[in-house]
Amino acid sequence: MQDGYWGVDGFEFERKELNALEYVIYNRRAEPINLTLRLLKRITNNFDTAREIGRGAFAVVYLGVLPSGLRIAVKKLFQSYTIEEGRFQDEVSNTLKVVHKNIVRLIGYCSHTEAKAVHYDGRTVFAEVRERLICMEYVPNRALDMHITDIFHGLDWNQRFQILKGICQGLHYLHEEARIIHGDIKPANIMLEDDLVPKIGDFGSSRSFSGGDGGSASPSRNFQGTTGYMAPEAFDGAISTKSDIFSLGVTMMWLLIGLKWSKHRGVEKELQRLRKRLLQEGVYSSWGSKYQQVRTCLDIGFKCMDADPDKRPNVWEIIKRLHETESLNNSATSGHGTPIWQSGDEESDSSDTDAFDEDEAPSDDFCSSDEEHASTETDGGTNMQDHDKLELVTKMSATMVELSSLDFLEKTTDNFSHERIVASGEVHKAFVYKGNISGLTVLAVKRYIDVEIPVEKFEREAKLFKSLNHKNIVKLVGYYYGASRSGHKLVQYKEKVLSQNYGSEPEQLLCYEYMPNGSLRNYLIGQGSQVDWHMRYKIIKGTCDGLHYLHEGRENCPVVHLNLSPSNVFLDENYAPRITGFDFAKLIGEKNTKSFYVTKNRPLGYQPPDFEYSKGTNLKYLATVDIYSLGLMILEVATRQEKADLRTLVDSVKNKWREESQIASLYTPALEGDIVRQAKLCIDIGLHCVKSKPEERPTTGDIIRWLNQGSKRVHNAGVPKPPVGTNMTHVYDHIQGKERKPLFRKLLRRK
44 MQDGYWGVDG
54 FEFERKELNA
64 LEYVIYNRRA
74 EPINLTLRLL
84 KRITNNFDTA
94 REIGRGAFAV
104 VYLGVLPSGL
114 RIAVKKLFQS
124 YTIEEGRFQD
134 EVSNTLKVVH
144 KNIVRLIGYC
154 SHTEAKAVHY
164 DGRTVFAEVR
174 ERLICMEYVP
184 NRALDMHITD
194 IFHGLDWNQR
204 FQILKGICQG
214 LHYLHEEARI
224 IHGDIKPANI
234 MLEDDLVPKI
244 GDFGSSRSFS
254 GGDGGSASPS
264 RNFQGTTGYM
274 APEAFDGAIS
284 TKSDIFSLGV
294 TMMWLLIGLK
304 WSKHRGVEKE
314 LQRLRKRLLQ
324 EGVYSSWGSK
334 YQQVRTCLDI
344 GFKCMDADPD
354 KRPNVWEIIK
364 RLHETESLNN
374 SATSGHGTPI
384 WQSGDEESDS
394 SDTDAFDEDE
404 APSDDFCSSD
414 EEHASTETDG
424 GTNMQDHDKL
434 ELVTKMSATM
444 VELSSLDFLE
454 KTTDNFSHER
464 IVASGEVHKA
474 FVYKGNISGL
484 TVLAVKRYID
494 VEIPVEKFER
504 EAKLFKSLNH
514 KNIVKLVGYY
524 YGASRSGHKL
534 VQYKEKVLSQ
544 NYGSEPEQLL
554 CYEYMPNGSL
564 RNYLIGQGSQ
574 VDWHMRYKII
584 KGTCDGLHYL
594 HEGRENCPVV
604 HLNLSPSNVF
614 LDENYAPRIT
624 GFDFAKLIGE
634 KNTKSFYVTK
644 NRPLGYQPPD
654 FEYSKGTNLK
664 YLATVDIYSL
674 GLMILEVATR
684 QEKADLRTLV
694 DSVKNKWREE
704 SQIASLYTPA
714 LEGDIVRQAK
724 LCIDIGLHCV
734 KSKPEERPTT
744 GDIIRWLNQG
754 SKRVHNAGVP
764 KPPVGTNMTH
774 VYDHIQGKER
784 KPLFRKLLRR
794 K
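Using the numbering used here, read the sequence shown as starting at 44 and increasing by one per residue.
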């Protein structure tokens with residue numbers, strides 16, 4: 044090693060940068076420093092996925108290892124121009140001087156921008172590439188949500204109580220000394236040291252406030268939080284320290300009780316249910332003698348989640364009660380150590396026999412273990428959740444019949460406010476609005492403008508679409524066709540002023556369940572390099588399942604889409620693909636066919652060339668049009684070519700990605716074994732789907748069999764031979780976790 048430099052694999056860095064970084068790690072009072080991208084690449088092994096220690100909606104966290112063995116956590120924000128810069132600046136500026144034993148410490152940051160030559164539309168252009176990274180102290184024991192695999196194992200009561208106290212002490216420091224509103228308190232953002240000391244991390248949603256603001260930040264229309272933990276007022280941009288208190292309350296309930304609890308039951312009922320579960324799990328001994336502490340914590344949790352922010356306690360009041368109950372706990376136990384918890388609870392044992400059934404009413408599930416980010420952005424794309432689901436279910440049960448009421452739909456869309464517009468149809472002939480119920484976005488209301496569809500056709504097709512019910516199809520939950528309010532107004536959408544005329548034509552509305560994670564197209568374009576193979580396979584398999592349902596899942600009533608593309612596949616709460624965009628779909632039964640048209644001079648996009656010149660409405664042929672579209676999508680997703688020119692995609696795949704070694708190199712780290720064979724299977728299926736002769740394209744049934752069977756060949760006459768198989772059952776199992784049901788479907792199930 045030379046003086047002033049650190050040499051590794053031919054790379055040399057100025058030693059002073061490394062010295063400065065080590066000094067900040069050792070000295071807790073040292074201020075965070077600006078670091079170079081070059082150094083961060085080296086200590087993370089060029090952001091190797093093997094170094095990945097965390098992943099969220101906006102960033103990936105890597106383990107950085109210095110030559111001395113010191114470790115830091117390097118958080119690399121996704122390259123999204125809509126959220127990255129704001130989150131980066133908020134997180135760095137709000138944590139520069141934050142020092143507390145219960146706060147994850149900021150070590151350094153990196154803001155790197157450079158111009159790179161890229162190929163676009165057949166020519167080479169220079170694009171600005173931005174990298175934003177945040178370096179934090181490395182907390183070895185992972186996040187709190189990873190520590191409790193189920194609510195009654197992993198941590199005993201004393202450990203949970205001490206963790207709760209530490210969280211409150213860290214939050215008290217943020218509110219009273221640092222003057223920071225965290226904005227996203229949840230178990231996934233609570234890191235644990237080896238001795239289980241909790242540290243609050245992830246300040247990407249934080250806001251600062253001054254002493255004269257009364258604990259409130261400036262109103263924000265694009266506040267980012269997490270579904271299930273955001274306070275109701277936060278959805279309207281009203282952010283304060285009491286918003287953090289609400290999130291703290293939800294976190295307390297998660298730590299104390301788990302997922303199955305209800306604000307409606309109250310403290311006493313939850314205590315009874317908790318005792319029974321502790322007895323069933325055989326862990327009552329570590330909790331039973333702590334009755335007063337458990338009861339106090341439950342009471343605090345409920346008070347923190349009061350709908351009125353003014354009625355929620357502040358952090359100091361919470362800490363005071365925790366200290367009091369800790370010192371008084373011994374008086375709550377008799378001289379023989381028998382917990383007073385047993386008193387008066389016995390009669391509940393028989394009445395709650397099925398209280399813990401897995402099929403418990405969804406209104407009792409306050410929040411799920413699968414979290415999703417929520418936003419108050421007016422341009423859509425994310426889900427907003429109300430926290431009193433019992434009230435919401437009550438309203439929704441009475442609302443199902445109102446989804447055909449113009450008054451109700453006007454109310455849910457704020458009278459079709461332009462601020463609720465999240466999408467526009469072709470040539471602005473339709474707008475899509477977010478529909479809110481009790482502060483929760485659960486509807487996407489499509490409103491046709493200056494397009495009159497015959498009432499018989501509209502109602503016939505709407506009823507049929509409403510009958511579609513599959514996990515990979517966006518659910519149509521209601522529609523309206525009738526007289527509109529007379530008038531005319533201008534609306535603004537994406538900085539363009541557009542006209543909405545209504546009055547002369549009937550109002551035509553379709554109501555869909557809201558997809559919080561936007562379209563597959565936007566997801567892949569925005570985060571393509573970050574989407575690993577397992578997620579891509581989940582998207583491919585789910586889209587195939589959805590199309591198979593449309594083609595073959597409904598006896599005597601198949602549906603062909605004819606407009607299938609990544610823009611018409613949306614992602615739900617679990618990032619599962621859901622097909623939508625049936626505006627141009629053709630409903631074809633055994634006894635009826637319909638004419639269709641293709642607008643000339645309009646790009647075919649994902650439709651096959653033969654479709655432009657086709658005649659008639661033969662079902663078998665029209666199904667092959669969907670298969671061709673599906674094949675292009677599979678090739679795009681499997682080969683990570685979401686930005687490729689569709690005109691050259693197929694030839695490019697044939698030339699570059701037919702062999703396993705070529706396919707493996709598409710991903711970092713390279714795919715291996717059954718996984719690379721699974722990727723090859725998908726690519727081969729995609730190439731089968733885009734054959735030039737329609738009769739040679741497979742059916743959705745063939746595709747599903749190939750995906751499910753893998754190594755088994757299909758020997759149906761006239762059906763193309765499947766691609767080379769592989770024993771990949773366990774690969775598919777890798778992505779099949781117990782996912783949460785989308786909220787709206789839970790509500791529909793209760794109807």
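The C-beta atom is built at its ideal place from N, Cα and C for all residues, glycine as well.
These numbers were taken from a predicted model, which means no experiment stands behind them.
* Asked: Taking buried to mean at least 16 other C-beta atoms within 10 Å of its own C-beta, is Q795 buried or exposed?
  -> The chain is shown only over 44 to 794; residue 795 falls outside these bounds and no answer can be derived.
* To do: Determine contact between the segment 473-491 and the segment 582-592, defined as no fewer than three beta-carbon pairs at a distance below 8 Å.
  => Contact between the segment 473-491 and the segment 582-592 is absent, because fewer than three Cβ pairs lie under 8 Å.
* Using 8 Å as the Cβ pair cut-off and three pairs as the minimum, do the segment 210-218 and the segment 359-369 touch? -> Taking 8 Å as the limit for Cβ pairs, the verdict is that the segment 359-369 does touch the segment 210-218.
* **First and last residue of the uninterrupted beta strand (DSSP E) at A722** => Locating residue 722 in the sequence shown gives position 679, where the first residue counts as 1. Annotation for A722: no beta strand (DSSP E) segment contains it, though the alpha helix (DSSP H) segment containing it runs G716 to C732.
* Asked: What residue ranges within the segment 137-175 form continuous alpha helix (DSSP H) runs of no fewer than 4 residues, ordered along the chain?
  -> Secondary structure remark: continuous alpha helix (DSSP H) runs of at least 4 residues inside the segment 137-175: none found.
* Use the C-beta contact count for N599: other C-beta atoms within 10 angstroms, 16 or more gives buried, fewer gives exposed. => By one-based count along the sequence shown, residue 599 stands at place 556. With fewer than 16 other Cβ atoms within 10 Å, it is exposed.
* Asked: Expressed to the nearest angstrom, what Euclidean distance is found between the alpha-carbon atoms of S708 and G729?
  -> The residue you call residue 708 lines up with position 665 of the sequence shown. The residue you call residue 729 lines up with position 686 of the sequence shown. Here the alpha carbons of G729 and S708 stand approximately 19 Å from one another.
* Close-in-space but distant-in-sequence residues of the same chain around D400 (CB under 8 Å, 5 per side omitted) -> As a first step, residue 400 must be located in the sequence shown, where it is residue number 357. Low per-residue confidence applies at D400: pLDDT is 32, beneath 50, and the placement is therefore not dependable, though the value from the model is reported in the following sentence. The answer is none, since no qualifying residue turns up.
* What first and last residue would you give for the alpha helix (DSSP H) that runs through F204? -> Within the sequence shown, the letter at position 161 stands for residue 204. Per DSSP, F204 belongs to the alpha helix (DSSP H) from W200 to Y216.
* To do: With DSSP as the reference, label S562 as helix, strand or coil.
  => Counted from its first residue, the sequence shown places residue 562 at position 519. DSSP places S562 in strand when its eight states are reduced to three.
* To do: Return helix, strand or coil for R364, following the three-state DSSP convention.
  => The residue labelled residue 364 in the question sits at position 321 within the sequence shown. Of the three classes helix, strand and coil, the one that applies to R364 here is helix, per DSSP.
* Asked: Can V104 and G112 be called in contact, C-beta distance under 8 Å?
  -> Position 61 of the sequence shown, counted from the start, is the residue given in the question as residue 104. Position 69 of the sequence shown, counted from the start, is the residue given in the question as residue 112. The Cβ atoms of V104 and G112 lie no closer than 8 Å to each other.
* Asked: What residues in its chain sit with their C-beta under 8 Å from that of R71, if we drop five residues either side in the sequence?
  -> Here residue 71 refers to the residue found at position 28 of the sequence shown. Cβ within range, chain order: V142 and R148.
* **First and last residue of the uninterrupted alpha helix (DSSP H) at N751** => Mapped onto the sequence shown, residue 751 falls at position 708. Residues T743 to Q752.
* To do: Determine, using beta carbons only, whether S181 and N77 come nearer to each other than 8 Å.
  => As a first step, residue 181 must be located in the sequence shown, where it is residue number 138. As a first step, residue 77 must be located in the sequence shown, where it is residue number 34. The sequence given here places Tyr at residue 181; Ser does not occur at that position. No, the pair does not count as a contact, with Cβ atoms beyond the cut-off.
* Asked: By how many angstroms is the C-alpha of E174 removed from the C-alpha of G569?
  -> In the sequence shown, the residue the question calls residue 569 occupies position 526. In the sequence shown, the residue the question calls residue 174 occupies position 131. Whole-angstrom Cα-Cα distance: 14 Å.
* Inter-residue spacing [alpha-carbon to alpha-carbon] between T79 and R85 -> Position 36 of the sequence shown holds residue 79. Position 42 of the sequence shown holds residue 85. Each residue's CA atom was taken as its position, placing T79 and R85 some 10 Å apart.
* When M179, Y523 and N617 are compared against M558, the one with the closest alpha-carbon -> Taking the sequence shown and counting its residues from 1, the one referred to as residue 558 is at position 515. Comparing Cα-Cα distances from M558 to each of M179, Y523 and N617, the minimum goes to N617.
* What does S796 pair with, by DSSP beta-bridge criteria? -> The requested residue 796 does not occur in the structure, where the chain is confined to residues 44 to 794.
* Asked: Would the beta-carbon of N184 fall within 8 Å of that of L235?
  -> Stepping through the sequence shown from its first residue, residue 184 is reached at position 141. Stepping through the sequence shown from its first residue, residue 235 is reached at position 192. Taking 8 Å as the Cβ cut-off, N184 and L235 qualify as a contacting pair.
* Which stretch, first to last residue, makes up the beta strand (DSSP E) that contains I706? -> Within the sequence shown, numbered from 1, the residue matching residue 706 stands at position 663. Run containing I706: none in the beta strand (DSSP E); it sits in the alpha helix (DSSP H), E703 to A707.
* Give a yes or no on whether the C-beta atoms belonging to G226 and E134 are separated by under 8 Å. => Translated into the one-based positions of the sequence shown, residue 226 becomes position 183. Translated into the one-based positions of the sequence shown, residue 134 becomes position 91. For the pair G226 and E134, the CB atoms are not nearer than the 8 Å cut-off.
* To do: Output the boundary residues of the beta strand (DSSP E) element that contains A102.
  => Translated into positions along the sequence shown, residue 102 becomes position 59. It spans A102 to V108 - the beta strand (DSSP E) in which A102 sits, taken as one unbroken run.
* Asked: For the 8 Å Cβ check, are there 3 or more pairs between the segment 657-676 and the segment 713-725?
  -> With a cut-off of 8 Å, the segment 713-725 and the segment 657-676 do not count as touching, because too few Cβ pairs lie within range.
* Asked: Looking only at DSSP bridge pairs, what is P241 linked to?
  -> Within the sequence shown, the letter at position 198 stands for residue 241. DSSP, once it has assigned bridges, lists L235 as partnering P241.
* To do: Please classify C600: does DSSP put it in a helix, a strand, or coil?
  => Within the sequence shown, the letter at position 557 stands for residue 600. In this structure, C600 counts as coil in the three-state DSSP scheme.
* Asked: What did DSSP end up calling G247 once you bin it into helix, strand or coil?
  -> In the sequence shown, residue 247 corresponds to position 204, counting from 1. The three-state secondary structure of G247, taken from DSSP, is coil.
* Identify which residue in R318, L106, E703 and I677 has its Cα closest to the Cα of H731. => For the purposes of this step, residue 731 is identified with residue 688 of the sequence shown, where counting begins at 1. The option with the nearest alpha carbon to H731 is I677.
* Test item: CB-CB of V693 and T682 under 8 Å -> Position 650 of the sequence shown, counted from the first residue, corresponds to residue 693. Position 639 of the sequence shown, counted from the first residue, corresponds to residue 682. Judged by their CB atoms, V693 and T682 are not nearer to each other than the 8 Å cut-off.
* Asked: Distance, Cα to Cα, F674 vs Q650?
  -> In the sequence shown, the residue the question calls residue 674 occupies position 631. In the sequence shown, the residue the question calls residue 650 occupies position 607. Residue 674 is actually Gly in this sequence, not Phe. Linking G674 to Q650 through their CA atoms gives a straight-line distance of about 10 Å.
* Could you tell me whether the Cβ atoms of I800 and I150 are closer together than 8 Å? => With the chain running from 44 to 794 in the structure shown, residue 800 is simply not present.
* Using only alpha-carbon positions, find the residue among C725, L689, G753 and D653 that is nearest to S735. => On the sequence shown, position 692 is the one that residue 735 refers to. Among C725, L689, G753 and D653, the Cα nearest to that of S735 belongs to D653.
* To do: Counting only the same chain and skipping the five closest in sequence on each side, list residues whose C-beta sits under 8 Å from that of R355.
  => Walking along the sequence shown from the start, residue 355 turns up at place 312. Cβ contact annotation for R355 (same chain, cutoff 8 Å, sequence separation greater than five): K285, I288, F289, G292, K346, C347, M348 and D349, in chain order.
* Using a Cβ-Cβ cut-off of 8 Å (strictly less than) and excluding sequence neighbours within five positions of C211, which residues of its own chain qualify? -> Here residue 211 refers to the residue found at position 168 when the sequence shown is read from its first residue. Once the five neighbours on either side are set aside, the close Cβ partners of C211 are L291, V358, I361, I362 and L365.
* Return the chain-ordered list of same chain residues with a C-beta closer than 7 Å to the C-beta of L553, the five sequence neighbours on each side being excluded. => Taking the sequence shown and counting its residues from 1, the one referred to as residue 553 is at position 510. Within the same chain, L553 has close Cβ partners K489, A505, L519 and Y522.
* Cβ-Cβ distance between P549 and Y566 below 8 Å -> Within the sequence shown, numbered from 1, the residue matching residue 549 stands at position 506. Within the sequence shown, numbered from 1, the residue matching residue 566 stands at position 523. No, they are not a contact pair.
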